[in-house]
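Asks: According to my numbering, the stretch in the sequence shown is residues 382 to 767, in order.
The beta carbon of each residue, even a glycine, is placed where N, CA and C say it ideally should be.
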Amino acid sequence: MYNMVTLLKLGLILQDITLILLGAGTASRFKLPPKKQWLWSGDRPLWLKVADDFQTVGKFQKTIIVSSKDDITTMSNFADYQFIEGGANRQESLKNALKHVTTSFVLVSDIARCCLDRDMIKRVIVAKKNNSCVVPTLKAVDTIYLNNSPIDREKIKIIQTPQLSDTTTLKKALDSGIEFTDDSSAIASKGGEIIFVDGSLVAHKLTTIEDLSKLSCLEKPIERPLIGFGVDIHPFQNDKKMYLCGVEIESPFGFKAHSDGDVAIHALIDALLGASGLGDIGEFYPDTLDIYKDMDSTTLLKDTLNRINSFGYVLGNVDLSIIAQTPKLLKYKREMRFNLAKILNLRPNLVNIKATTAEKLGWIGRREGVAVEAVATLYYYDWTKR
382 MYNMVTLLKL
392 GLILQDITLI
402 LLGAGTASRF
412 KLPPKKQWLW
422 SGDRPLWLKV
432 ADDFQTVGKF
442 QKTIIVSSKD
452 DITTMSNFAD
462 YQFIEGGANR
472 QESLKNALKH
482 VTTSFVLVSD
492 IARCCLDRDM
502 IKRVIVAKKN
512 NSCVVPTLKA
522 VDTIYLNNSP
532 IDREKIKIIQ
542 TPQLSDTTTL
552 KKALDSGIEF
562 TDDSSAIASK
572 GGEIIFVDGS
582 LVAHKLTTIE
592 DLSKLSCLEK
602 PIERPLIGFG
612 VDIHPFQNDK
622 KMYLCGVEIE
632 SPFGFKAHSD
642 GDVAIHALID
652 ALLGASGLGD
662 IGEFYPDTLD
672 IYKDMDSTTL
682 LKDTLNRINS
692 FGYVLGNVDL
702 SIIAQTPKLL
712 KYKREMRFNL
722 AKILNLRPNL
732 VNIKATTAEK
742 LGWIGRREGV
752 AVEAVATLYY
762 YDWTKR
C-alpha cells in the first residue's frame, strides 16, 4: 500500500507520462471467432476494459490505443481516446504511437495483459528515472534448461508489461534498425539503466484460449440483445437480372445499382451494421469503388457477417419486409428464407421474409422500384460457453 505522500508524488509523475496500449496484432494463436481484443467483459470489449481500468490508476497526460486499420473506426465510436494505426509488428506499432508522444516518459502495455494489478503499476511508475526503463518481473519457479543443459533459475527474470521508459531514449533505440522483443531491450541497447520491480501473477497475458481460465478479472458478457434496423430502395433497370435475398427472380428488369442491386440484402447489411454500431453499408462498400461494381451482394453479406463476428457479436435472428407492387414474390419466399439462413448460419425459422404491395400507391405502386426494411438481433459472443 502507498501513503499519501507517495500517492501525491504519483499524481505529479503521471502528468509527464503518456500511456500506450498495443492491440494491433492478429491474435493468430487465439482460436475463437472474435479477435481477443474484442472479447466482451460485461458490456465492454476487452480493449476498452483495459483502457478504462488504467484510468483508475490516475490521470495520464494522454492515452493512445494502437490498433489495426479495420478496428480503429469502430473503436472510436466507444471512447474518446487517441487511436493510432499499428504496423506490421509490435515494434512498428510502438514507433507509430511514439510519433504522437510529447511527454518525457511513456508507459507501454499490451491490451492482451488485461487484468491490472494497480499496486504493480504504481511500483513501476514511482521507480521512474531518466534514461531508464522500469520493468515488472516474476521469478522463475520451475527448473529451466537451455537446450540440454540446466541453468540457474535464480538468474532468470520473467518480463511483464507495462514498462515505463524514457521517451527520447526509446525513440532513438527503435530507430536504430534493430528489432527488439520489448522496450527494456531497446533501452539497454542505448546504455540506459534497467530498473526491475516486482511483477504480479494477476497480470497474466491472454495468448491462447486456455489463458481465459486464468483471468479472474473478466466478467461474463451480458445477455442484452442489440437491435438494428435497415432500409434500402432501388429503382428498376431494364435488361438486368433481379436478385432478392440472393435468389434470382423471374423478371424483365432488375435493380439500378452499382452492385447487383439486391435491395433485400442491402437492407439486411444495414440492419447488421446498425445492431453492432459499426456504421452503414456505404462506409464499408462505397459505390464509388470499381471493386464493388456488379458484385454479388451475398459476398458483401458474408463479409459483413465475418466482420461482426470478429468484433464479438453473434447473430440471433433477422426479419425482412419487402414492399413491391411487382414482381409477385409469394413463390420465392421459402427459397429466400432458406438461402439467407444458409449464408447466415441460422436455422430457417430464425430468418423471416415478409412481402407486401404498396396498394398501387406512390412510386412503388407505379411499379418503379422496390423497398425493403430489415431488422436484425445480435448478442455478445459468450466466450464462457466455448
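According to DSSP, is residue 472 part of a helix, a strand, or is it coil?
Replies: Here residue 472 refers to the residue found at position 91 when the sequence shown is read from its first residue. Helix, per DSSP.
Asks: Just checking residue 627 against the ligand MG - is the residue's beta carbon closer than 7 Å to any of the ligand's heavy atoms?
Replies: Inclusion of the ligand MG in the displayed structure is not the case, the ligand content being empty and no account of it being possible.
Asks: Counting C-beta neighbours from all protein chains within 10 Å, is the total for residue 636 16 or more, i.e. buried, or is it exposed?
Replies: Counting from one through the sequence shown, the residue named residue 636 turns up at place 255. Buried, by the Cβ-count rule.
Asks: Within 10 Å of its beta-carbon, does residue 486 have 16 or more other beta-carbons around it, so buried, or fewer, so exposed?
Replies: Translated into positions along the sequence shown, residue 486 becomes position 105. Its Cβ being crowded by 16 or more others within 10 Å, residue 486 is buried.
Asks: If I measure Cβ to Cβ from residue 382 and keep anything under 6 Å in the same chain, skipping five residues before and after, which residues do I get?
Replies: Locating residue 382 in the sequence shown gives position 1, counting from the first residue. For residue 382, the predicted model reports a pLDDT of 48, less than 50, meaning its position is unreliable and no value from the coordinates is stated.
Asks: Name the DSSP beta bridge partners of residue 528, please?
Replies: For this step, residue 528 is matched to residue 147 along the sequence shown. Partner(s): none; residue 528 has no beta bridge.
Asks: When the distance is taken between beta carbons, is residue 693 closer than 8 Å to residue 428?
Replies: Locating residue 428 in the sequence shown gives position 47, counting from the first residue. Locating residue 693 in the sequence shown gives position 312, counting from the first residue. Contact: no.
Asks: Nearest to residue 677 by alpha carbon, out of 652, 638, 405, 657?
Replies: Counting from one through the sequence shown, the residue named residue 677 turns up at place 296. Nearest of 652, 638, 405, 657 to residue 677, Cα basis: 638.
Asks: Flag this pair as yes or no: are the beta carbons of residue 630 and residue 708 separated by less than 8 Å?
Replies: Taking the sequence shown and counting its residues from 1, the one referred to as residue 630 is at position 249. Taking the sequence shown and counting its residues from 1, the one referred to as residue 708 is at position 327. Yes, Cβ-Cβ distance for residue 630 and residue 708 is below 8 Å.
Asks: Determine, using beta carbons only, whether residue 456 and residue 445 come nearer to each other than 8 Å.
Replies: Taking the first residue of the sequence shown as 1, we reach residue 456 at position 75. Taking the first residue of the sequence shown as 1, we reach residue 445 at position 64. Cβ distance not < 8 Å, so residue 456 and residue 445 don't count as in contact.
Asks: Using alpha carbons as the reference points, say which of 691, 764, 721, 478 lies closest to residue 409.
Replies: Taking the sequence shown and counting its residues from 1, one reaches residue 409 at position 28. Among 691, 764, 721, 478, the Cα nearest to that of residue 409 is on 691.
Asks: So for residue 787, helix, strand or coil by DSSP?
Replies: Coverage of the chain is limited to positions 382 through 767, which leaves residue 787 absent and any answer about it impossible.
Asks: Mapping DSSP to helix, strand and coil, what is residue 641?
Replies: Here residue 641 corresponds to residue number 260 of the sequence shown, with the count starting at 1. DSSP places residue 641 in coil when its eight states are reduced to three.
Asks: Return the chain-ordered ranges of every beta strand (DSSP E) run that is complete within the stretch 560-615 and spans a minimum of 3 residues.
Replies: Counting only runs of 3 or more, we get 574-579.
Asks: State the beta-bridge partners of residue 491 as determined by DSSP.
Replies: Translated into the one-based positions of the sequence shown, residue 491 becomes position 110. Answer is 403.
Asks: Among 735, 698, 724, whose alpha-carbon lies nearest the alpha-carbon of residue 710?
Replies: Residue numbering aside, residue 710 sits at position 329 when the sequence shown is read from its first letter. Answer by Cα proximity: 735.
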